Every structure is written in C-alpha cells, then in structure tokens.
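Structure first, then comments.
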Amino acid sequence: MARARPRSIAAWNRAARSYRDADGRPWLDATPPLITMLPETPRSPYPITWREQDTLFPKLPAYLGRMALFAVNTGLRDSNVCGLQWTWEVAVPEVGRSVFVIPPEAFKTKRPHVVVLNDVAWSIVEAQRSLHPILVFPFRGRRVNTMNNNGWQRAQREVGLPLVRVHDLRHSFACRLRAAGVSAEDREALLGHANHSMAGHYASADVGRLLKQANLLLDRRGTRTVLRVADSERGRAETNPTRSHNNKGGLGFGGEVLEFRQVRTDRWISGSTAVPQQE
C-alpha cells in the first residue's frame with residue numbers, strides 16, 4: 282500500500298471538518314478523529330555512484346533512460362521531467378543554447394525555476410525535438426505520469442538496486458555538484474531552492490556561469506566519491522569487503538563501495554571508490 286503524504290492527510294482532516302451539504306449541515310454526524318501517521322523512520326537519500334548509474338540506466342526502456350539521464354544532469358524532480366514543455370524553452374544566444382523556465386504553478390517552491398542544461402542535458406533536448414508538439418519527453422504520444430513505473434521497477438530488480446528511487450537522481454545531481462566544488466549558493470540555484478533560485482529574473486552571465494558549474498559534474502574523476510547513509514533494513518546490493526576490523530564492521534578495499542556498520546545502529550555509512558570509466 283502506498284504511503285500517504287502528510288500534506289494529503291492534512292487535506293483530509295480539513296475536508297472532514299469543512300464539507301457541508303446543500304442545507305449547510307456537516308456531511309458527518311459526529312466530528313471524526315484526526316488522522317495521524319504511524320511513526321516511521323524517514324527514508325535516507327541514496328545518491329547513486331557512477332557504476333550504479335552505468336548498471337541501471339542501460340536496463341531502462343529507451344525513453345525512460347533518456348529521462349533518467351536528463352534528471353541526473355539537471356536535478357529536476359520526477360514531475361518536472363515528465364511535464365517539461367517546449368513552450369517553456371528560452372534561447373540564450375550568449376551561451377549557444379537554451380534554458381527552460383518552469384512556471385511557478387508547475388514547480389514545488391511556487392516560484393519560476395530556470396533549468397540550466399549542461400552538455401549532456403542539452404544533447405538530450407536536441408534529440409527530443411520533433412517528437413511531440415508540447416511535451417519534451419512523450420511516450421507513445423502521451424505524457425509519462427511518473428518515471429517510477431513498471432520499466433523503472435523492473436530495471437531496479439534486474440540489477441539489484443532496490444534502494445534507488447527516481448528522486449535519488451536529484452540527490453545524485455546535488456552530491457556530484459558538491460564533490461566538484463560548486464558553491465552552496467550555486468547548487469541551490471541549479472536545484473531551484475527558494476532561497477537562491479533565479480526566480481525567472483536572470484542574465485546571460487548568470488546562465489553562463491551556472492552552465493560551467495553544471496558541466497563540472499560530467500568529470501567522473503572529480504565526482505567519483507559519494508558518501509551516503511543507507512537504510513540497512515531495506516537491503517541493497519553490497520560488495521564483499523576484503524578486510525574487516527575487530528569483527529564489528531567491514532571496511533572493504535578494492536570494491537565499488539566502502540562500508541562501515543556502526544555498533545548499536547542500524548545505519549550503513551557508505552562511500553564510493555569506483556575507478557572512473559573513460560568516456
């Protein structure tokens with residue numbers, strides 16, 4: 282069963298107390314108790330390594346693989362990738378390419394967001410032209426409702442990466458920017474955080490500077506280390522450690538992921554040490 286979001290539960294609670302019939306009487310005879318969420322541990326972000334990306338993406342259907350590659354290179358949320366429209370494209374001649382300006386009603390922060398396209402994202406946009414008059418990423422002439430569909434879940438199972446969610450592509454984008462030395466302010470602008478977004482008011486110099494920053498994450502040597510805290514109770518594919526310490530945790534060398542299990546916790550602290558692949 283899908284987990285209800287706190288925002289949805291709040292809406293249900295308000296509706297139960299405000300709905301009235303034609304005579305102005307409540308629909309319910311008695312005031313219902315407030316719906317509360319069961320206690321749970323929030324899901325930790327899981328930024329993917331380059332090796333995991335190279336394993337997962339080729340298993341996706343072609344249309345979904347392009348969407349995933351675009352998402353991990355722009356940091357856009359699932360809904361924004363699925364709903365991206367050509368009418369939002371704005372040419373910036375000074376940088377030799379376009380940006381997309383997502384309107385406030387379509388973005389989570391309710392402010393316009395300027396999507397800066399690095400070289401990979403731009404090449405995908407160019408390849409998508411003429412496929413649909415409105416949508417950048419159509420499938421069989423229609424909008425994709427969510428990237429987290431049967432194709433994504435089937436690929437997850439096939440490669441043994443059950444922890445990787447679509448939203449983790451956004452976490453991966455942010456993590457790689459940080460590893461590349463991009464400042465917090467520029468990361469927040471690229472991600473569209475409310476405090477530092479360009480909010481639709483931008484200059485070509487801003488776009489050019491952020492484009493250079495966004496292209497930094499394409500350097501696999503500079504962004505190969507990923508530290509993450511993963512929920513061990515959820516399970517995931519693990520490399521076999523080649524050396525242990527005091528039999529209380531594993532510190533592996535030579536694999537893709539270094540792992541150490543802290544005593545008296547149920548968290549795994551992981552870091553990628555993958556050897557970068559040549560493009």
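Residues in the sequence shown are numbered from 282 upward in steps of one, following this note's numbering.
Glycine residues also receive a C-beta, built at the ideal position from the N, C-alpha and C atoms.
No experiment lies behind these values; they were computed from the predicted model shown.
Asked: Three-pair Cβ contact test at 8 Å for the stretch 459-476 versus the stretch 363-381; Found: no
Asked: Span of the beta strand (DSSP E) around VAL353; Found: VAL353 -> not in any beta strand (DSSP E); alpha helix (DSSP H) instead, spanning 343-355.
Asked: Cα-Cα separation, VAL396 to PHE381; Found: 5 Å
Asked: Helix, strand or coil at PHE420 according to DSSP, with G and I counted as helix; Found: strand
Asked: Contiguous beta strand (DSSP E) assignments of at least 3 residues, all confined to the stretch 430-506; Found: none
Asked: Continuous beta strand (DSSP E) stretch holding ARG378: start and end; Found: 378-383
Asked: Secondary structure of PRO307, DSSP reduced to three states; Found: strand
Asked: Proximity to GLN409 [Cα-Cα], best of ARG468, LEU345, GLU466, ARG459; Found: LEU345
Asked: Local conformation of VAL396 per DSSP, three classes; Found: strand
Asked: Among GLN437, LEU444, ASP487, nearest to SER325 - alpha-carbon criterion; Found: LEU444
Asked: Cα-Cα separation, ALA291 to ARG347; Found: 36 Å
Asked: Contact set for THR355: own chain, Cβ-Cβ below 6 Å, skip 5 residues either direction; Found: VAL396, ALA402
Asked: Assigned secondary structure, ASN528 (DSSP; H/G/I helix, E/B strand, else coil); Found: Note that ASN528 has pLDDT 36, beneath the 50 cutoff, so the model's placement of it is unreliable and no number is given.
Asked: Per-residue DSSP class, three states only, for VAL406; Found: helix
Asked: Length of the line joining the Cα atoms of VAL447 and ALA343; Found: 16 Å
Asked: Simplified DSSP assignment, three categories, for PHE338; Found: helix
Asked: Coarse secondary structure for VAL425, derived from DSSP in three states; Found: coil
Asked: Within 9 Å, strictly: CB atoms of ASN337 and GLN437; Found: Going by the sequence as given, residue 337 is Leu instead of Asn. Cβ atoms of LEU337 and GLN437: closer than 9 Å.
Asked: Residue from ALA495, VAL362, LEU357 whose Cα sits closest to the Cα of ASP467; Found: ALA495
Asked: Environment of THR368 [buried if 16+ CB atoms lie within 10 Å]; Found: exposed
Asked: Integer Cβ distance of ASP400 from LEU499, believed to fall under 8 Å; Found: 6 Å
Asked: Where the alpha helix (DSSP H) through SER360 begins and ends; Found: 359-363
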